[in-house]
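Protein sequences, first through last, are from chains A and B. Residue 145 in numbering that gives the first Met the number 0 sits at position 146 of the first sequence; the count goes up by one each step and never skips. Residue 322 in numbering that gives the first Met the number 0 sits at position 323 of the second sequence; the count goes up by one each step and never skips. C-beta: ideal position from N, C-alpha, C; glycine also.
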Amino acid sequence: MKSRSGILVCLVVAAVACVGLAHASHHEMNAKTPAPLVETYEALGDAILATKKAEWNLVHTILATTYQHAQGAFAKAVSNLEAGEDARAQIEALAELVAQLGNEGDASVAAIRKRLVEGGHHHNAKGEEQGVYEEGFVIVTRDAKKQFLASAGAIGKLAAKPDAVALKAEWNKVEKQFAQLHETR
Amino acid sequence: MRRAELGRSGTVALAAVLALTTAGCSGEPEPAADRGGVARHDGFHFVDVAPEAGVTRVVLAGRPDKDHLLDSAGTGAAWLDYDRDGHLDAYIVNSWTISGSEITERGRNALYRNRGDGTFDDVTERAGVGGEGHWGAGVAVADYDEDGWPDILVTSFGPTVLYRNLGDGTFENVAARSGIESPGWNTGAAFFDADGDGDLDLYVAAYIDCTLEEMLDARPTLDWKGVDKVAVGPFGLEGAADHFFRSNGDGTFVDATAEAGFEDLALGYGFAVRAGDLDADGDLDVYVANDSDANYYYRNEGDGTFKEVGMWTGPAFDAGGAAQAGMGVAFGDPNGDGAVDVLVTNFSEDFTTLYHGDGSGFFEDVSDATGIGPATFPWLSWGALLADLDNDGDQDVVIANGHIYPQVDRHPEYELTYAQKNLLLENDGTGRFVDVTDEAGPGFAKVQSSRGLAAGDYDDDGDLDLLITQLDEAPVLLRNDSATGSWLTVVLEVPPGEGTAIGTRVVVEAAGQTQVRDLASSESFLSVHDPRLHFGLGSARVADRVEVEWPDGSRTVLEDVAVDRFLTVLKEP
């Protein structure tokens with residue numbers, strides 16, 4: 000909440016500065032937009048575009064982190080299965096993480112995404128119009144989401160019927176799907 | 000509590016010995032065969048008898064243009080036997096009317112006492128259950144304090160109300176001292192035993208976080224298809240967190256939302272809640288239909304905690320992986336495989352979703368394959384029911400419909416209407432559905448903006464009637480005059496202080512078919528069905544076996560049970 004307030008303060012300061020500049024320029028009878036305002040807008044434009052890039056990077060990092068956790072859960076599950084030990088918890092954790100790949104994060108991330116959409120921010124506005132992305136999604140397409148969710152379900156079912164071969168096969172699908180995310184950038 | 004623990008006090012006895020049938024008991028319904036019953040017609044036939052039955056109080060619904068989503072969310076209905084006279088009474092939740100930004104009338108909830116002759120008395124004022132001036136939303140019914148009398152919980156845009164039944168025809172609101180008021184826009188609620196300790200805990204869903212002032216000041220400003228302005232939301236409005244209250248066992252509750260694993264981090268726009276055993280492990284899970292968000296499936300971990308597993312077990316999204324606009328929910332078994340299936344109603348130009356369960360907690364969207372999807376696509380759907388309406392041994396579907404934007408009527412080119420017909424989809428016996436709405440009698444010919452839907456056999460003739468709330472109109476009471484087969488309705492009785500019947504599972508075997516029902520405190524859209532569990536039995540003349548699995552794991556088994564009757568089963572201490 001503090002960071003949100005900080006951004007708000009910066010924007011207010013910038014707005015006040017702009018109003019001041021505009022007022023000062025009023026008497027100069029110049030047909031051009033005052034240079035300081037253009038420069039300020041230029042800087043703000045850079046910041047807006049950089050923010051969008053930062054959003055992509057952040058979501059990419061969320062996905063990469065989730066994938067790393069999934070790799071760990073997969074390795075532990077296989078290890079347990081091959082050792083004849085209980086792997087239910089690891090398999091369910093893997094299923095949950097794969098579902099999170101499809102959802103670009105967990106419920107906390109979903110709440111942030113919803114707030115952004117509520118505020119009118121659509122990272123992939125054009126892609127949403129074309130039906131490629133769900134509202135607010137940054138990297139994961141609808142098709143990719145569907146595939147991740149299908150794999151998550153298939154993996155989850157293996158918790159009750161452990162099968163290392165089947166688990167590896169399903170994980171291979173996840174790996175391929177995850178690799179394809181980068182191709183769609 | 001796991002299934003492995005079941006049966007520790009199981010008993011098997013002849014039906015004639017243990018079954019306490021209602022026939023001949025003072026003040027209780029007799030078998031339909033002895034009463035002559037109603038005239039039968041070929042096929043489905045429903046007639047609205049609300050006016051002559053005395054169910055006439057109008058459900059208020061905000062402003063004419065539905066400026067805010069609250070104006071068009073509607074209210075629930077409940078069937079209960081509040082005075083335990085053996086006749087099913089009705090309870091209808093009410094809200095307000097608003098003019099501009101002024102509250103012009105605070106509607107009163109209505110309790111209708113069944114006279115036993117097909118008509119009702121409005122006993123709201125005497126009973127003291129008219130609401131506390133809040134904008135009412137949903138209802139759940141359960142004997143939360145185990146005194147033998149059903150209590151009524153009403154969710155509101157405002158504090159939740161808990162009407163404790165005093166057993167003398169009156170109630171008192173004990174929400175504040177029970178610790179469950181939880182102000183906000185609360186919607187669906189479910190009493191259930193979350194931790195297997197024998198008393199009822201409570202889950203309350205919440206929709207959006209908004210103030211009274213925001214609601215009163217709201218105006219239709221959201222662009223609709225580029226041709227009109229309609230109420231904003233739910234996108235653009237902040238979701239509100241659901242709550243879970245754990246019972247202290249003394250009539251009070253403590254908020255245990257996070258501790259129990261119900262932390263609503265996604266702030267889903269929650270509507271209907273249903274508790275039931277989705278993974279057949281003997282404990283009760285929780286399903287929440289979220290509007291425009293992934294639905295929640297909270298799996299009971301068996302230790303009083305829950306884990307949200309909907310994302311990877313199937314029932315959070317449709318087959319395409321997309322979140323829908325969940326409104327109402329029904330549990331049932333329309334394909335007769337013994338596993339719980341889940342029906343979720345959704346927005347207009349989307350389909351109602353039927354998830355087939357595999358019995359282990361995984362679900363598959365079969366809406367298209369079963370015919371549910373195509374039949375429901377145009378309608379904006381709320382109340383949901385899976386029940387056998389023609390007593391042929393399989394569960395049919397009823398869906399209550401009505402748009403939220405009155406403005407759609409100004410644009411006929413989109414072929415949408417504000418008032419809509421409700422749907423009756425007949426199970427063809429294989430789990431596929433056929434739309435028989437237009438052949439279901441005058442009751443299904445009405446077009447209104449329907450919301451809550453509760454099924455109950457109010458006239459005790461062995462078939463299920465339908466109580467449906469409408470916006471800005473009185474409810475309809477659709478008496479079922481359909482052609483029917485034989486039936487058995489199981490009445491569960493738990494002695495005071497001996498736990499709860501909520502969560503009890505009943506399995507009936509007849510004519511080579513096995514059917515399962517469970518008792519819930521709420522279902523559909525913010526509503527409550529008949530607490531007596533109804534089974535249609537087709538041509539069977541006897542139920543070979545009736546097995547009652549009580550929430551504590553004990554069982555009562557009856558064999559060779561005569562049909563076409565109410566069968567009261569008393570839980571042994």
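Item                                                                                                                                                                     : Value
Excluding sequence positions up to five away, which residues of its chain have a Cβ less than 8 Å from the Cβ of A:Lys113?                                               : Gly135
So, B:Ala329 versus B:Ala315, is the Cβ gap smaller than 8 Å?                                                                                                            : no
Alpha carbons only, please: which of B:Thr499, B:Ser553 and B:Val515 is nearest the one belonging to B:Asp142?                                                           : B:Thr499
Could you spell out the range, first to last residue, of the beta strand (DSSP E) harbouring B:Phe243?                                                                   : His242 to Ser246
Give, in chain order, every unbroken run of the alpha helix (DSSP H) that is at least 4 residues long and sits entirely within the stretch 112-140 of chain A.           : 124-128
Got a sec: which bits of the stretch 312-332 of chain B sit with their beta carbon under 9 Å from any beta carbon on chain A, in order along the chain?                  : Thr312, Gly313, Ala315, Phe316, Ala318, Gly319, Gly320, Ala321 and Ala322
Mind reading off the beta-carbon distance from B:Val92 to B:Leu477? Whole number of angstroms is fine, and I expect it under 8 Å.                                        : That pair is no contact at about 19 Å.
For B:Leu422, tell me which candidate among B:Ala204, B:Ile467, B:Tyr413 and B:Ile403 has the shortest Cα-Cα distance.                                                   : B:Ile467
Use the C-beta contact count for B:Pro474: other C-beta atoms within 10 angstroms, 16 or more gives buried, fewer gives exposed.                                         : buried
So, B:Val272 versus B:Ala174, is the Cβ gap smaller than 8 Å?                                                                                                            : no
Apart from the five residues on each side of it in sequence, which residues of its chain come closer than 7 Å, Cβ to Cβ, to B:Gly157?                                    : His133, Trp134 and Pro182
Just to confirm my understanding: we take B:Val493, look at its own chain, exclude 5 residues before and 5 after, and list those with CB closer than 7 Å. What are they? : Thr499, Ala500 and Lys570
Could you tell me how far apart the beta carbons of B:Gly461 and B:Thr483 are, in whole angstroms, since I believe they sit closer than 8 Å?                             : 7 Å
Under the rule that 16 or more other beta-carbon atoms within 10 Å means buried, what is A:Asp162, buried or exposed?                                                    : exposed
What residue from A:Gly155, A:Ala165, A:Tyr66 and A:Ala149 has the CA that sits closest to B:Asp317's CA?                                                                : A:Ala149
Do B:Val562 and B:Leu487 have their beta-carbon atoms positioned less than 8 Å apart in this structure?                                                                  : yes
How about B:Asp82 and B:Arg56: are their beta carbons less than 8 Å apart?                                                                                               : no
CB B:Arg218 to CB B:Asp387, shorter than 8 Å?                                                                                                                            : no
Measuring straight from C-alpha to C-alpha, what distance separates B:Glu622 and B:Val253?                                                                               : Outside the modelled stretch of chain B, which goes from 0 to 572, sits residue 622 of chain B, for which no answer is possible.
Starting from the beta carbon of A:Asn102, find every residue of chain B whose beta carbon is closer than 7 Å, and list them in chain order.                             : Met310
Just checking: is the beta-carbon of B:Ala539 within a distance shorter than 8 Å of some beta-carbon in chain A?                                                         : no
Verify the CB distance criterion: does B:Thr21 have a CB-CB separation below 8 Å to chain A?                                                                             : Interpretation of B:Thr21 is limited by its pLDDT of 39, a score under 50 that renders its predicted location unreliable; no figure is taken from the coordinates.
Residues of chain A with a CB under 9 Å from the CB of B:Gly281: which are they?                                                                                         : Within 9 Å Cβ-Cβ: nothing; B:Gly281 doesn't reach chain A, min ~15 Å.
Go ahead and label B:Lys420 buried or exposed: buried means 16 or more other beta carbons lie within 10 angstroms of its beta carbon, across all protein chains shown.   : buried
Please list the partners that B:Phe234 has in chain A, where partner means a Cβ-to-Cβ separation under 9 Å.                                                              : Lys113, Val116, Glu117 and Glu134
Is B:Tyr268 near B:Gly309, with beta carbons less than 8 Å apart?                                                                                                        : no
Jot down the residue ranges of each uninterrupted beta strand (DSSP E) in the stretch 232-297 of chain B, minimum 3 residues, whole runs only, in chain order.           : 242-246, 252-254, 268-275 and 284-290
Please return the same chain residues whose Cβ sits closer than 8 Å to the Cβ of B:Arg125, not counting the five positions on each side in sequence.                     : Gly168 and Thr169
Nearest by alpha-carbon distance to B:Thr352: which of B:Gly360, B:Gly320, B:Pro149 and B:Val341 is it?                                                                  : B:Val341
Does the separation of the CB atoms of B:Asp150 and B:Ala204 fall below 8 Å?                                                                                             : no
Ignoring anything shorter than 3 residues or poking outside the stretch 512-566 of chain B, list the beta strand (DSSP E) runs there in chain order.                     : 512-517, 532-537, 541-548 and 554-561
Mark B:Asn390 as exposed unless 16 or more other C-beta atoms lie within 10 angstroms of its C-beta, in which case mark it buried.                                       : buried
Should B:Val527 go down as buried or exposed, given a rule of 16 or more other Cβ atoms within 10 Å for buried?                                                          : buried
At 4 residues or longer, what runs of the alpha helix (DSSP H) sit wholly inside the stretch 326-393 of chain B?                                                         : 366-369 and 371-375
DSSP puts B:Ser481 in a beta bridge; with which residues?                                                                                                                : DSSP, once it has assigned bridges, lists no residue as partnering B:Ser481.
DSSP on A:Val77, reduced to helix/strand/coil?                                                                                                                           : helix
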